[in-house]
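Residue numbers (this note's numbering): 51 to 224.
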């Protein structure tokens, strides 16, 4: 590895960490605000009949899985973070793969935001409620994970369709 590519790789990781930090601060800040203003308070209607702010302590994962099982959640998150580091380290540092890099950063930010809640509080603070369709209450970290997951599927289906687009994931045998 040359000095230039080493600096480039280092900057790639620094930018990634800054993005994760900023997105996680936005998520955690919103939850702190909700805890201070909405806990034990009535719902706040933003758009009557459509969108509300509703305080909820979520002790399960998606669809109520592993409710109250923090150790299971911690293990799953640590595995996810390990896979993220493995994949992110191998994504080529060029413009073609920038959407994939950013998508991965947004996804890990969401996982980290909810991970922090579970470890520090024992539950995740949810507060966004679409009453029009009675959608489950969620938070900003959930939006990060869901939106980046959808974008990841779209990228895989439409942008990175060829096998050679995934060569960076293959383990090289020397």
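Heads up, the beta-carbon is just placed ideally off N, CA and C, and yes, glycines get one too. Note that this is a predicted model, so its numbers are computed, not measured.
Just the C-alpha distance for residue i and residue j, rounded to the nearest angstrom, thanks.
i           : j           : result
residue 203 : residue 197 : 10 Å
residue 161 : residue 98  : 30 Å
residue 88  : residue 146 : 43 Å
residue 158 : residue 211 : 23 Å
residue 119 : residue 205 : 33 Å
residue 184 : residue 82  : 24 Å
residue 154 : residue 140 : 12 Å
residue 143 : residue 85  : 39 Å
residue 220 : residue 91  : 52 Å
residue 137 : residue 94  : 41 Å
residue 121 : residue 96  : 36 Å
residue 68  : residue 193 : 19 Å
residue 108 : residue 71  : 23 Å
residue 125 : residue 152 : 24 Å
residue 123 : residue 117 : 9 Å
residue 62  : residue 149 : 14 Å
residue 214 : residue 208 : 14 Å
residue 60  : residue 66  : 10 Å
residue 156 : residue 201 : 10 Å
residue 111 : residue 170 : 16 Å
residue 218 : residue 80  : 36 Å
Could you tell me the boundaries of the beta strand (DSSP E) in which residue i lies?
i          : result
residue 95 : 94-97
What does residue i pair with, by DSSP beta-bridge criteria?
i           : result
residue 175 : 107
residue 101 : 97, 180
residue 188 : 178
Since residue i contacts residue j with CB under 8 Å, what's their CB separation in whole angstroms?
i           : j           : result
residue 181 : residue 100 : 6 Å
residue 179 : residue 102 : 5 Å
residue 74  : residue 199 : Their Cβ separation, rounded to whole angstroms, is 17 Å, which puts residue 74 and residue 199 out of contact at 8 Å.
residue 187 : residue 104 : 6 Å
residue 190 : residue 106 : 14 Å between Cβ atoms; not a contact.
residue 135 : residue 78  : Between residue 78 and residue 135 the Cβ distance is about 21 Å, and since that is not below 8 Å, they are no contact.
Would you give the residue range spanned by the alpha helix (DSSP H) that residue i belongs to?
i           : result
residue 208 : First-last for residue 208: undefined, no H or E at that position.
residue 124 : 120-140
Touch check for the stretch 127-135 and the stretch 170-184: three-plus C-beta pairs under 8 Å? The stretch 127-135 vs the stretch 170-184: no contact.
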